[in-house]
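Residues in the sequence shown are numbered from 644 upward in steps of one, following our numbering.
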Amino acid sequence: MTAGSNSLTYAQAGVDIDAGNAMVEKIKPIVRTTRRVGADGEIGGFGGLFDLKAAGFTDPILVAANDGVGTKLRIAIEAGKHDTIGIDLVAMCVNDLVVQGAEPLFFLDYFATGKLDPDQGAAIVSGIAAGCRMAGCALIGGETAEMPGMYHGDDYDLAGFAVGAAERGALLPTDDIMEGDVLLGLASSGVHSNGYSLVRRIVGLSGLKWTDPAPFDPARSLGEALLEPTRIYVKPVLAAIRGTHGIKALAHITGGGYPDNIPRVLPKDWAAELDLGAIDVQPVFDWLSKTGGVEASEMMRTFNCGIGMVIVVAAGQAAQVAAVLQSEGETVTPIGRIVPRRDEPVIYRGRIAL
Numbered sequence: 644m645t646a647g648s649n650s651l652t653y654a655q656a657g658v659d660i661d662a663g664n665a666m667v668e669k670i671k672p673i674v675r676t677t678r679r680v681g682a683d684g685e686i687g688g689f690g691g692l693f694d695l696k697a698a699g700f701t702d703p704i705l706v707a708a709n710d711g712v713g714t715k716l717r718i719a720i721e722a723g724k725h726d727t728i729g730i731d732l733v734a735m736c737v738n739d740l741v742v743q744g745a746e747p748l749f750f751l752d753y754f755a756t757g758k759l760d761p762d763q764g765a766a767i768v769s770g771i772a773a774g775c776r777m778a779g780c781a782l783i784g785g786e787t788a789e790m791p792g793m794y795h796g797d798d799y800d801l802a803g804f805a806v807g808a809a810e811r812g813a814l815l816p817t818d819d820i821m822e823g824d825v826l827l828g829l830a831s832s833g834v835h836s837n838g839y840s841l842v843r844r845i846v847g848l849s850g851l852k853w854t855d856p857a858p859f860d861p862a863r864s865l866g867e868a869l870l871e872p873t874r875i876y877v878k879p880v881l882a883a884i885r886g887t888h889g890i891k892a893l894a895h896i897t898g899g900g901y902p903d904n905i906p907r908v909l910p911k912d913w914a915a916e917l918d919l920g921a922i923d924v925q926p927v928f929d930w931l932s933k934t935g936g937v938e939a940s941e942m943m944r945t946f947n948c949g950i951g952m953v954i955v956v957a958a959g960q961a962a963q964v965a966a967v968l969q970s971e972g973e974t975v976t977p978i979g980r981i982v983p984r985r986d987e988p989v990i991y992r993g994r995i996a997l
């Protein structure tokens, strides 16, 4: 079948099918690096497959999560650095799975852009694959959408979808949280992927460019420092869950910070009492607070301020759980305890170092 000399083509409308096919060929070897037991298929089909029995589950409950990376994407676009934003995409999904005691099994991504650049797309997927390897899950499929008129210039958007599983009866939180349980905090890698609309506003007030040295990390540019990927806690946390059976609940500190995320895993009769002085606040948060004139309470509701995951542990097993997590490379800090709830579900003691 041939087209007439005056007929329009899809490419003339702004969608290049050949570019899409070229990107698929570029990412195939990247995707293969994420294979795991249960997922051995090749991308390019109409759907991805996963074999729960091959993965070792006998009576599993599936757990699903989806997320994006917010306006951190804007920094990646403006700084021209696309190879780590995919790690953030995976992290925001799989960290939400592991807090429920689930092992992430597979991941799917959605990448939308106005004009597809196969090299840029491959860089983004390389980050997604790196995140999947860190989490131990397989990248079994995704969607690349070229949509001229919806996205302009170099703009693009990402969304991620993760599915995990836990054996029936092993989901978190447990039903035995009680007074005196210890709160352990796992150090974050930085701002992670929340609050970037405020971050960008503060950078605008500072007058700095993305290529300028970061005031809180002069060895890197501001763009590189603020694009530090979200830490993926999956493997250390699963090791602690399976190796100690002492973890009662976990809270991923994302948008809403401490006061909105910790109560999500607590029974209504209990509150989290936090020792703010115990939190090791990283320099980036101090810079954001001072440069933007952001109050401590607003910082703690917008950012993780140095703690990316909070764990509720039986007091008698806190040392054992902390030892396993430390052996897996985590920085662990006791930051509080469970107390009877009176008014607020999160109680602050002392002052945070901002």
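Where is the CB? At the ideal position from N, CA and C, for every residue including glycine.
Note that the structure is predicted; figures quoted are calculated from it, not measured.
- Within a 10 Å sphere around the beta-carbon of residue 654 sit fewer than 16 other beta-carbons, which makes this residue exposed.
- Using a Cβ-Cβ distance cut-off of 8 Å, the region 887-901 and the region 737-746 are in contact, since at least three pairs of beta carbons, one from each stretch, lie closer than that value.
- Ranked by how close their Cα comes to the Cα of residue 859, the residues 884, 838, 843, 833 have 833 in first place.
- Taking C-beta separations shorter than 7 Å and ignoring five residues to either side along the sequence, the partners of residue 918 in its chain run 978, 979, 992, 993, following chain order.
- By the neighbour-count criterion, in which a residue is buried when 16 or more other Cβ atoms sit within 10 angstroms of its Cβ, residue 967 is buried.
- Put simply, the backbone Cα of residue 657 is about 16 Å away from that of residue 754.
- Runs of the alpha helix (DSSP H) lying entirely within the region 827-867 and spanning at least 4 residues, in chain order: 839-849.
- The way I'd put it, the region 693-712 does touch the region 802-818; three or more beta-carbon pairs between them come closer than 8 Å.
- In this structure, residue 829 keeps its C-beta atom at 8 Å or more from the C-beta atom of residue 956.
- Bridge pairing for residue 980: 825, 916 [DSSP].
- Look at the beta carbons and you see the region 878-891 not touching the region 796-807: under three pairs across the two are nearer than 8 Å.
- DSSP lists no bridge partner for residue 942.
- For residue 800, the enclosing beta strand (DSSP E) covers residues 799-810.
- Judged by DSSP secondary structure, residue 709 falls within the beta strand (DSSP E) whose first and last residues are 703-710.
- Cβ contact annotation for residue 960 (same chain, cutoff 7 Å, sequence separation greater than five): 887, 889, in chain order.
- Of the other Cβ atoms in all chains shown, 16 or more fall within 10 Å of the Cβ of residue 931; this residue is therefore buried.
- For residue 747, the uninterrupted beta strand (DSSP E) segment begins and ends at 746-756.
- DSSP, reduced to helix, strand and coil, places residue 761 within a helical segment of the structure shown.
- Setting aside the 5 residues that flank it on each side, residue 717 is surrounded in the same chain by 843, each with a C-beta closer than 7 Å to its C-beta; the list follows chain order.
- Between residue 674 and residue 782 a beta carbon distance of about 5 Å is seen, short of the 8 Å cut, so the two are scored as contacting.
- In the three-state reduction of the DSSP assignment, residue 651 falls in the coil class.
- Under the three-state reduction of DSSP, residue 881 is assigned to helix.
- Minimum Cα-Cα distance from residue 929 among the listed residues 920, 921, 939 corresponds to 939.
- Here residue 714 carries a coil assignment [DSSP, helix/strand/coil].
- For residue 770, the secondary structure class from DSSP, reduced to helix, strand or coil, is helix.
- Straight-line measurement puts the Cα of residue 949 at about 14 Å from the Cα of residue 941.
- For residue 987, the three-state secondary structure derived from DSSP is coil.
- In the three-state scheme derived from DSSP, where H, G and I count as helix and E and B as strand, residue 965 is classed as helix.
- One thing to note: residue 720 has its Cβ no nearer than 8 Å to the Cβ of residue 659.
- Straight-line measurement puts the Cα of residue 944 at about 25 Å from the Cα of residue 727.
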